[in-house]
Structures are given as C-alpha cells and as structure tokens.
Amino acid sequence: MGEEHQRKRSRQHFEADARQISPKCETSKWYFSREEIERFSPSRKDGIDLVKESFLRSSYCTFLQRLGMKLHVSQVTIGIAMMMCHRFYMRQSHAKNDWQTIATSSLFLACKAEDEPCQLSSVVVASYEIIYEWDPAASMRIHQTEYYHEFKEFILAGERLLLDTSAFHHLDIELPYKPLAVALNRLNAWPDLATAAWNFVHDWLRTTLCLQYRPHVIATATVHLAATFQNAKVGSRRDWWLEFGVTTKLLKEVIQEMCILMEVDRRRTMPAPPPLPRRELGWAMPAAMKPVHMARGYPFHSYPLQSYRQPGIW
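The numbering of the sequence shown is UniProt numbering, which starts it at 1 and goes up by one.
Listed below in structure tokens is the structure:
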C-alpha cells in the first residue's frame with residue numbers, strides 16, 4: 001500500500017511539473033559550465049548535494065545500460081537515452097522526478113528518435129523486472145493487468161514530461177560517436193588506438209562531460225588522449241586537431257577535464273588503506289577531495305595518468 005501511494009505521488013509530480021514549464025524556458029541551451037552543473041542544478045536548489053546527485057546520475061546510467069542490453073537496442077540508442085536524462089536533470093529536480101521512471105521513458109523515447117522501434121509493452125516489462133529484481137514474484141506481477149497499466153502510465157507520463165521539458169530538442173541529440181569515426185578514419189588510426197578511443201567515449205557519456213562540450217570537441221580530445229596514452233602518432237601535422245575545428249586552448253581544457261574525471265574515479269575505486277595505528281590517530285587527516293560530476297558505476301579503463309604530462313604532448 002505504501003509503495004502504491006508513493007508511486008501515485010510521483011505521477012502527480014510529473015503532471016504538475018509538465019504544467020509548470022514555461023514556454024519561454026531557455027531549452028535551447030544544452031551546454032553548461034562546470035559551475036552551473038555542480039552548484040546551480042535544480043536538484044541543488046531542492047537540497048540534493050553534488051555527491052547525492054552524482055550517485056543518482058551513476059544509477060540511471062547503469063540502469064539504462066542494463067535495460068538497453070535486455071531489450072537488445074544499440075549502444076547509440078542507449079547513449080541517446082543517457083543524454084536525455086542528463087539534459088532533463090539540468091531542467092528538473094531529482095527531488096520531484098523518480099529517476100527509474102525518467103530513465104525508462106528516456107530509452108523508450110530514444111528508440112523512437114533513432115528509428116529503432118521497441119514495443120512499449122517490452123519496455124514496461126523489462127524495466128519493471130530490473131527495478132524489482134530482488135522480488136521473485138515481479139516477473140509474474142507485471143503481467144497482471146492492474147500493475148502493467150499503472151506502470152505503463154508512469155512511463156507515458158515521463159515521456160510527456162521529457163518532451164515538454166526539452167521542447168522536443170531531445171529528438172535531435174548528437175553524440176561523439178559519429179565525429180569520432182570521422183576523425184579515426186581521416187587520421188588512419190591503428191586498431192588499438194581506435195578501440196581505446198571508443199572505450200573512452202562510452203565512458204564520457206556516463207559523465208556530464210557531454211553537457212559541457214560539443215560532440216566533435218569530445219571526439220577530437222578523446223583521440224588525442226588515447227594516442228598519448230599509447231604513445232601513438234596521429235595526423236600528418238603536429239596540430240592536427242585544428243583540422244577538426246578545435247583550438248589548442250580548448251583541447252587542453254577538455255583533456256584536463258577528462259584527466260580529472262579519470263583521476264577522481266581511480267581514487268574512488270582504490271581499495272581502502274589499512275587503519276592507522278591507534279597512536280597515530282591524533283594526526284590531522286587531509287580534507288576530502290571535492291566530488292566531480294561523475295556518472296559511472298564501474299572504473300575507467302586503466303591507463304597511466306602521468307602520460308598526459310609527458311613533454312611534447314601538444
């Protein structure tokens with residue numbers, strides 16, 4: 001009974017938020033500074049701190065990856081759904097919108113946007129089974145008319161809110177995949193470098209990096225980063241990135257952001273050190289590192305972070 005009431009309140013939040021969206025909302029602005037993301041998101045205004053929002057972001061990205069694989073949709077469609085969620089939560093608050101419902105609606109909408117049709121019934125059942133995987137009876141319960149129609153209404157309400165929030169800009173999202181393929185082909189990148197670059201792009205989609213920089217910028221910086229880590233030479237000129245419309249200053253800025261994300265994630269996934277002897281507990285402990293807007297449920301690929309500081313990288 002408590003679960004039912006909670007879900008009804010969630011649906012009311014969706015409908016209320018959809019009615020309150022102003023048609024003058026600056027929905028065309030989908031790129032933000034780090035300060036806007038970390039300090040001024042709608043969730044922050046509702047009392048959700050950066051650590052909590054980062055955890056929620058990681059949760060819906062991991063959920064979308066599982067749901068997309070369960071439904072056998074392409075990685076591009078999954079990436080589009082992740083971007084829809086990232087954008088949505090820069091306009092709406094986590095405090096008022098259940099991330100599991102929004103994520104499910106995002107994948108359903110992404111399938112339409114990418115012309116990769118997926119039946120609503122399949123999305124509803126697969127999502128419910130993942131959400132309630134701890135309950136052995138969930139697979140049978142979702143096929144009951146009452147539960148199925150109720151959950152379906154949540155998904156459709158979430159889809160309407162996604163479209164209203166974005167003013168239909170969700171239907172033309174660009175990912176770094178296409179410009180990355182263009183760059184790799186033009187630079188004749190060897191297979192290992194291409195694989196590393198593709199893996200990096202998969203990682204960046206789970207962060208808010210794609211809310212800070214345009215796809216071709218991320219793709220170009222990713223090729224440079226992968227080439228540096230593998231000591232590979234790309235392009236026929238030293239400043240080859242200029243061919244892709246990326247200045248040296250911007251390239252350095254993006255790579256610095258990428259390395260910060262990787263370093264913070266490396267520290268987060270390192271095993272905890274053994275406890276200090278009791279006699280040393282009086283020593284001052286270093287302050288905790290400021291959290292970075294991560295959106296990952298697993299560690300980055302292992303590359304030596306000191307490589308980006310080698311002479312001649314630029």
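A virtual CB, placed ideally from N, CA and C, is assigned to each residue, including glycine. Note that the structure is a prediction, hence the values are computed from the model and not measured.
Taking a C-beta distance under 8 angstroms as the contact criterion, LEU109 and MET82 do not qualify as a contact pair. Counting C-beta pairs closer than 8 angstroms gives three or more between the stretch 189-196 and the stretch 230-241, which meets the contact rule. Of the candidates CYS259, GLY47, ILE80, the residue whose Cα lies closest to the Cα of LYS178 is ILE80. Judged by DSSP in its simplified three-state form, TRP204 adopts helix. In the structure shown, the three-state DSSP call for ARG91 is coil.
For ASN185, the enclosing alpha helix (DSSP H) covers residues 177-186.
Here TRP134 is exposed, its C-beta having fewer than 16 other C-beta atoms within 10 Å.
Restricting attention to ARG87, ASP115, SER105, the CA atom closest to the CA of LEU211 is found in ARG87. A distance of 8 angstroms or more separates the beta carbons of LEU184 and ALA196. By the Cβ test, the stretch 46-65 is in contact with the stretch 98-109, since at least three Cβ pairs between them sit closer than 8 angstroms. Between THR220 and PHE244, the gap from beta carbon to beta carbon is short of 8 angstroms.
A direct Cα-Cα distance of roughly 10 angstroms separates LEU205 from PRO215. When the alpha-carbon of ALA157 is set against those of VAL217, GLN119, SER106, the nearest one is in SER106.
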